[in-house]
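Undergrad: Letter by letter, the sequence shown follows residues 1357 to 1739 of this note's numbering. Don't be surprised by glycine CBs; every beta carbon is placed ideally from N, CA and C. Keep in mind that this is a model prediction, so the values were computed, not measured.
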Amino acid sequence: MCWILSSLLFIGWCAFGVSSIAIPSIDALAEGINVEKRQLTSVPENSFPVKSAFVGTAGHWAKFFFSTDNGKLYMGTWTNTAPSLAYGYEELLPAGSVKANTPIASTMWDLNVSVGSGLGWTHADKRARVYYLDSNDIIQELIYGGGTAGWSAGTIGALNIVTSGTSGMSAISFKLNSAESVSVYYAESSGAVKETTWTASGTPQWTTVTVVSSASAAYALSPITFVNTNTWSAAAPSIRGFYGRANTIRDVAWDTTWSTGNVAQSFIDSTGSTNGGYSFSASAWKVDVGTPIVHLFWCGDGAAAGTLGTVYRAPYNITAKTLGASTAISFTQAPHSFIVTGAGTNVATPPNGNHLFAWGNSTGTPVFWHYRLNGDSAQLALH
């Protein structure tokens, strides 16, 4: 977790103890990934919940990522294609690549475009990153180069970052000093929340800082969710993040330095299902087209966080760093205990561009659902 390598942000980081490692260019190190290019309408393996998603082009398409019980990594695609919604699945990594049911993070941006998420997925200037854990809980990376470049292996694995393996992981992208930058958020085994950032400025390198110390550690099953509330091409990012500690959702913020927010949403620190703890997720929209809006979503835990299986959302004030009153989402089709959200950054008229991927298993048979916050819903062909 780190922002930048510019002197502007370096000052704020120094208080957290920065370490860095220089990495040769991605072109020099990236290996080609042996990807099966089959476009599937369903996935034959048993799937774990969707762990990450992003939304593009004014909310008209979305990509979502999940793993299977044999260690494959899949990318799902939703396209708002009349007269019906279209779904497809692509195997990104073969069996044995991903540790079962561990966190996945992703982020996307457009080069040479002032408004984010505006280009189509196959455009030459589209970029994306996906982060996952290997069998040793080490963070690995896939890079999407746009156009015909497709996917290739990234360089973060060279850092040998070992995570807790059960806490969440999140990623954001931004532009700094005219260079692409990506930050990845995760928890170490101590519970400390870290930020590791790559920037294309100068010699590409990764830099790591501590965002939340082990004294305020994330609990073992805590989701970790961060959003950039500035447009991608802004002079610097403005970040808001959420993690769980001591039966409570907490928040942190970055503008010129890291600070602690004021959120204290009750949330039980225990396993909510066979696939991890009760989850929460944040999304941001109108980032490119007006005043940014951030909402925090969570699954009711049967206690202070709300009715078991119900999904709640509340607005987050990015200035005061406070959470508003929560409301239950009434249109969900089944009880859920795991959710991930995403929103198009150039969506001006929510909720059509806001997406919720949810998982639940209240009957012994897992169900996977995709919702748009206008009430549209579809059950995914996953099991």
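1) Would K1677 pass as a contact of R1728 if the rule is Cβ separation under 9 Å?
2) Here's the rule I'm using: 16 or more other beta-carbon atoms within 10 Å means buried, otherwise exposed. How should S1520 be labelled?
3) Relative to the C-alpha of K1550, which candidate in T1647, A1737, V1608 and G1501 has its C-alpha closest?
4) At which residues does the beta strand (DSSP E) containing S1639 begin and terminate?
5) Compute the beta-carbon to beta-carbon distance between Y1353 and I1460, rounded to the nearest angstrom, for a pair I have assumed lies under 8 Å.
6) Work out the CA separation of S1693 and N1717 for me, nearest whole Å.
7) Excluding sequence positions up to five away, which residues of its chain have a Cβ less than 6 Å from the Cβ of S1423?
8) Touch check for the segment 1525–1544 and the segment 1576–1590: three-plus C-beta pairs under 8 Å?
9) Mapping the DSSP letters down to three states, classify G1513 as helix, strand or coil.
10) Beta carbon of R1606, beta carbon of V1619: below 9 Å?
11) Taking the beta carbon of P1560 as the centre, do at least 16 other beta carbons fall within 10 Å, making it buried, or is it exposed?
12) Tell me whether T1413 sits in a helix, a strand or coil according to DSSP, three-state version.
13) Any idea if D1425 is buried or exposed, counting beta-carbon neighbours within 10 angstroms, 16 or more meaning buried?
14) Return helix, strand or coil for S1491, following the three-state DSSP convention.
15) Let me know if H1739 comes out buried or exposed under the rule of 16 or more other beta-carbons within 10 Å of its beta-carbon.
16) Along the chain, where does the beta strand (DSSP E) containing L1735 start, and where does it finish?
17) Please go through the same chain and pick out, in chain order, the residues whose beta-carbon is closer than 7 Å to the beta-carbon of T1481, but skip the five residues on each side of it.
18) In terms of residues, what are the limits of the beta strand (DSSP E) holding N1584?
19) Less than 9 Å separating the beta-carbons of L1515 and T1553?
TA: Short version:
1) Walking along the sequence shown from the start, residue 1677 turns up at place 321. Walking along the sequence shown from the start, residue 1728 turns up at place 372. Their beta carbons are not under 9 Å apart, which means K1677 does not touch R1728 by this criterion.
2) As a working note, residue 1520 is residue 164 in the sequence shown. That one is buried.
3) The count along the sequence shown starts at 1 and reaches residue 1550 at position 194. For the residues T1647, A1737, V1608 and G1501, the minimum Cα distance to K1550 belongs to V1608.
4) For the purposes of this step, residue 1639 is taken as residue 283 along the sequence shown, with counting starting at 1. First-last of the beta strand (DSSP E) with S1639: F1636 to W1641.
5) Absent from the model: residue 1353. The displayed extent of the chain is 1357 to 1739, so no value can be given.
6) For the purposes of this step, residue 1717 is taken as the residue at position 361 of the sequence shown. For the purposes of this step, residue 1693 is taken as the residue at position 337 of the sequence shown. If you take the alpha carbons of N1717 and S1693, they lie about 8 Å apart.
7) Position 67 of the sequence shown, counted from the start, is the residue given in the question as residue 1423. Only F1404, L1429 and V1454 meet the Cβ criterion.
8) Using a C-beta cut-off of 8 Å, the segment 1525–1544 makes contact with the segment 1576–1590, since at least three inter-stretch Cβ pairs fall below that distance.
9) As a working note, residue 1513 is residue 157 in the sequence shown. If DSSP states are grouped into helix, strand and coil, G1513 belongs with the helices.
10) Here residue 1606 corresponds to residue number 250 of the sequence shown, with the count starting at 1. Here residue 1619 corresponds to residue number 263 of the sequence shown, with the count starting at 1. Contact: yes.
11) One-based indexing of the sequence shown puts residue 1560 at position 204. With 16 or more other Cβ atoms within 10 Å, it is buried.
12) Within the sequence shown, numbered from 1, the residue matching residue 1413 stands at position 57. Looking at T1413 - three-state DSSP - the assignment turns out to be helix.
13) To locate residue 1425, count along the sequence shown from 1; it is residue 69. Classification for D1425: exposed.
14) Counted from its first residue, the sequence shown places residue 1491 at position 135. DSSP places S1491 in coil when its eight states are reduced to three.
15) Here residue 1739 corresponds to residue number 383 of the sequence shown, with the count starting at 1. So H1739 counts as exposed.
16) Taking the first residue of the sequence shown as position 1, residue 1735 is located at position 379. Reading off the sequence, residue 1735 comes out as Gln, not Leu. Counting along the chain, the beta strand (DSSP E) containing Q1735 begins and ends at S1733 to Q1735.
17) As a first step, residue 1481 is located in the sequence shown; it is residue number 125 there, counting from the start. The residue asked about is misnamed: residue 1481 is Asp in this sequence, not Thr. Within the same chain, D1481 has close Cβ partners D1466, L1467, N1468, V1469, L1475 and G1502.
18) Numbered from 1 along the sequence shown, position 228 holds the residue referred to as residue 1584. For N1584, the uninterrupted beta strand (DSSP E) run begins and ends at I1580 to N1584, by DSSP.
19) Here residue 1515 corresponds to residue number 159 of the sequence shown, with the count starting at 1. Here residue 1553 corresponds to residue number 197 of the sequence shown, with the count starting at 1. No.
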